[in-house]
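Before any comments, here is the structure.
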Amino acid sequence: MPKKAILTLTAMALIAVAIWPAPALAQDKAIIVQSTTSTQNSGLFKHLLPIFEKKTGIKVHVVAVGTGQAIKNSQNGDGDVLLVHAKSTEEQFVKEGWGVERFDLMYNDYIVVGPPADPAKVGGMKDAKEAFKKIATAQAPFVSRGDNSGTHKAELQIWKAAGVDPKKASGKWYREAGSGMGATLNTGVGMGAYVLADRGTWIGFKNKRDYRIQVEGAK
């Protein structure tokens, strides 16, 4: 897979979490799913869970947080299933015995959204690394999730590949929301800033206003 595709494509993984004593399913016909906010915001759970619960009789409680927090919650015993997107972290989670098995479940891709004025002139670009370089050079407003989520980690990888340290611009043109994908998009739209988002959340996002996808398409 080309390098630029690695920066824009993410695999969503499903991990069965190792919990002792017996999992919640055996006790009360309910399970806890620790999930990324991206999956929650996409509307997938609203579609799938009623079908699953009707068929199995198992109630599903979803806790939607960033990947890093979802993993911590599961390590604390607060989860039966983990649905996240940070492959190396997931593999380490299973290797250390926190998870039973990891499955690739689905794919999502990253896009950069921004205002129609496009101050960094990145509209139509496909290479996220080059787009980030232009955003940094223009010192155009950029809002990061800043929450140690899979999306946040992917964003930091792109900055690193671009040779840019965004922390040096923290509080200036680079802002960290410390929140989930939907809330970060709201902040970005309110500030007229660029945002790295997953496509699934963007499709379901209701507050787009005049915002548009500026960078996409690396395969």
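Residue 215 is where the sequence shown ends in this note's numbering, and the numbering goes up by one at each step.
Built from N, CA and C at the ideal position, the CB exists for glycine as well.
Between residue 107 and residue 212, the gap from beta carbon to beta carbon is short of 8 Å. Excluding residues up to 5 positions away in sequence, 125, 128, 129 lie with their Cβ nearer than 6 Å to the Cβ of residue 158 in the same chain. Collapsing the DSSP output to three states places residue 55 in a strand.
Residue 67 is positioned such that its CB atom lies closer than 8 Å to that of residue 89.
Within the region 99 to 163, the complete alpha helix (DSSP H) segments of 4 residues or longer fall at 124 to 134, 146 to 158, listed in chain order. The beta carbon of residue 25 sits closer than 7 Å to the beta carbons of 53, 54, 55 from its chain, once the five residues preceding and following it are set aside; these are given in chain order.
Of the candidates 43, 64, 40, 39, the residue whose Cα lies closest to the Cα of residue 141 is 64.
By DSSP's assignment, residue 194 forms a beta bridge with 106.
A Cβ-Cβ distance of about 40 Å is found for the pair residue 94 and residue 136, leaving them out of contact under the 8 Å criterion. When rounded, the separation of the alpha-carbon atoms in residue 148 and residue 49 is 32 Å. The secondary-structure analysis by DSSP pairs residue 207 with nothing; it has no beta-bridge partner. The C-beta distance from residue 207 to residue 115 rounds to 13 Å, too long to meet the 8 Å contact threshold. Here residue 80 is near residue 86, since their CB atoms are less than 8 Å apart. The C-beta separation of residue 196 from residue 31 comes to about 12 Å, leaving the pair out of contact by the 8 Å criterion. Under the three-state reduction of DSSP, residue 84 is assigned to helix. Contact annotation: residue 60 and residue 176 have beta-carbon atoms nearer than 8 Å. Rounded to whole angstroms, the gap between the alpha carbons of residue 102 and residue 43 is 15 Å. Annotated as proximal: residue 151 and residue 192, with beta-carbon spacing under 8 Å.
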